[in-house]
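Asks: Questions regarding the structure given below will be posed in turn.
There are 2 protein chains.
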Amino acid sequence: MDYKFRCECPITSALDILGDKWVLVIIKQMLIEDKKTFKDFTESDEAIATNILASKLKCLEELGIITKTQPPDNKKTNLYLLTEKGLALTPIIVELSIWSDENVRGLNKIMRDSPEIAIMKSDKNSFIKMIIEAYKAKTEKFY
Amino acid sequence: MDYKFRCECPITSALDILGDKWVLVIIKQMLIEDKKTFKDFTESDEAIATNILASKLKCLEELGIITKTQPPDNKKTNLYLLTEKGLALTPIIVELSIWSDENVRGLNKIMRDSPEIAIMKSDKNSFIKMIIEAYKAKTEKFY
DNA sequence: TAAAATAAATTGCAATTTGCAAGTAAAAAT
DNA sequence: ATTTTTACTTGCAAATTGCAATTTATTTTA
């Protein structure tokens, strides 16, 4: 796997990986919606197609952003879990939340309220740490 | 212009706008590479095609993220400038920088160093404010 | 003032990506 | 043993992206 990068800019290079319709949505679903199996993702509100899902998961695994493992008691179900590299995307997800709450709400009439947005804004760093710790606590039994 | 949103999730809705290969690259070029005319963008390292550029700029203008104006002394050149809504994307750009520096550098051999990354990390909020103020200072003469 | 150059696009077409629907293979449940 | 479930894969249509050439309206230059 050799990834194609457009140029030497760090920001553009990040977007060569993250800049599409699905990658950060998948990360969000893992991080805060508890999704970890192929089926979990297909049942999401966003309704990703299975072929796209398979290709994005493979790509994220190759990049070291997620891992794919089998639980010892089940050979059918795969578990997709965020690595540290994937968890390090939490600040980006949080900033997307905040920007969206302030700037997209007016355009998407069905957007849901996030009651936690006030806490998120008042102490961003603690909120980010909390999300990461919660994720690790929930998933540590699978390692 | 009615934008299509996939669902009621704020993060997914942000990505319905920002989640593609070009939008955040264009914002970055405006914010920190001083690009403001159509020609400026076409001369970038990223080498965006003119048809894509035109369509993305139009879209960003319709969403209120940038404005398109003509300088009083020149009827040929248009100026594209970030609105407050666009400037509010600065934290996302900064987080992309940091994540990229730590997690993408290993994959993109030609990625340039950002000497300011240490400052960025040590005092994120000040850095964000500084970038926004610098942008406003540079562009205020066009309003 | 006519010709050349520049800025900001638009157009046609090819290539790539995305998305839908159906199908498959292996494992687990009944 | 049969059905159901999970995790895909495949084929094809639709949409998006990208390249190269062209266009129109300004400037600039000779």
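So the sequences go chain by chain: C and F. Under my numbering, think of the first position of the first sequence as 791, with each following residue one higher. Under my numbering, think of the first position of the second sequence as 791, with each following residue one higher. The C-beta atom is built at its ideal place from N, Cα and C for all residues, glycine as well. None of these values were measured; they are calculated from a predicted model.
Does the separation of the CB atoms of C:I918 and C:I888 fall below 9 Å?
Replies: One-based indexing of the first sequence puts residue 918 of chain C at position 128. One-based indexing of the first sequence puts residue 888 of chain C at position 98. Against a cut-off of 9 Å, the Cβ pair of C:I888 and C:I918 comes out as no contact.
Asks: With 16 as the cutoff for other CB atoms within 10 Å, does F:F795 come out buried or exposed?
Replies: On the second sequence, residue 795 of chain F is found 5 positions in, with the first residue counted as 1. Burial call: buried.
Asks: Have a look at F:K829 and C:K926 and give me their C-alpha separation to the nearest angstrom.
Replies: Working through the second sequence from its first residue, we reach residue 829 of chain F at position 39. Working through the first sequence from its first residue, we reach residue 926 of chain C at position 136. Each residue's alpha carbon lies about 47 Å from the other.
Asks: Identify whether F:T832 lies in helix, strand or coil by the three-state DSSP scheme.
Replies: Numbered from 1 along the second sequence, position 42 holds the residue referred to as residue 832 of chain F. The answer is helix: DSSP assigns F:T832 an H, G or I state.
Asks: Would F:N898 pass as a contact of C:S912 if the rule is Cβ separation under 9 Å?
Replies: Mapped onto the second sequence, residue 898 of chain F falls at position 108. Mapped onto the first sequence, residue 912 of chain C falls at position 122. Not in contact: F:N898 and C:S912 (Cβ atoms no closer than 9 Å).
Asks: Within its chain, find whatever has a CB closer than 8 Å to the CB of F:I922; leave out the 5 residues flanking it on each side and keep chain order.
Replies: Along the second sequence, read from residue 1 onward, the residue named residue 922 of chain F stands at position 132. Answer for F:I922: L877, T880, listed in chain order.
Asks: Given C:A924, which residues of its chain have a CB within under 8 Å of its CB, disregarding the five upstream and five downstream residues?
Replies: Position 134 of the first sequence holds residue 924 of chain C. Counting only Cβ-Cβ distances below 8 Å, and skipping sequence neighbours, we find nothing.
Asks: Ignoring anything shorter than 4 residues, give me the alpha helix (DSSP H) runs that lie fully in the segment 821 to 904 of chain F, in order along the chain.
Replies: Taking only runs of at least 4 residues, the alpha helix (DSSP H) segments lying wholly in the segment 821 to 904 of chain F are 828 to 832, 840 to 852, 874 to 877, 880 to 893.
Asks: Below 8 Å CB to CB, which residues in the same chain sit around C:T827 once its five sequence neighbours on both sides are set aside?
Replies: Indexing the first sequence from 1 puts residue 827 of chain C at position 37. T867, N868, L869, Y870.
Asks: So which residues on chain F does C:D891 lean against when the C-beta distance must stay under 8 Å?
Replies: Numbered from 1 along the first sequence, position 101 holds the residue referred to as residue 891 of chain C. In chain order: P800.
Asks: Under three-state DSSP, which class holds C:S795?
Replies: Residue numbering aside, residue 795 of chain C sits at position 5 when the first sequence is read from its first letter. For the record, residue 795 of chain C in the displayed sequence is Phe; it is not Ser. C:F795 falls in the coil class under three-state DSSP.
Asks: Note down, in chain order, all residues in the segment 888 to 916 of chain F with a beta-carbon under 7 Å from any beta-carbon belonging to chain C.
Replies: Cβ contacts with chain C: W889, S890, D891, E892, N893, V894, L897, N898, I900, M901, R902, S904.
Asks: Using only CA atoms, which one of C:C849, C:D863, C:A839, C:S890 lies nearest to F:I801?
Replies: Here residue 801 of chain F refers to the residue found at position 11 when the second sequence is read from its first residue. Ranked by Cα distance from F:I801, the options C:C849, C:D863, C:A839, C:S890 are led by C:S890.
Asks: State whether the segment 808 to 818 of chain F contacts the segment 808 to 825 of chain C, with contact taken as three or more CB pairs (one from each stretch) at a distance under 8 Å.
Replies: yes
Asks: Going by DSSP in three states, F:Y925 sits in which element: helix, strand or coil?
Replies: Walking along the second sequence from the start, residue 925 of chain F turns up at place 135. DSSP places F:Y925 in helix when its eight states are reduced to three.
Asks: Going by DSSP in three states, C:D806 sits in which element: helix, strand or coil?
Replies: Along the first sequence, read from residue 1 onward, the residue named residue 806 of chain C stands at position 16. Three-state DSSP puts C:D806 in a helix.
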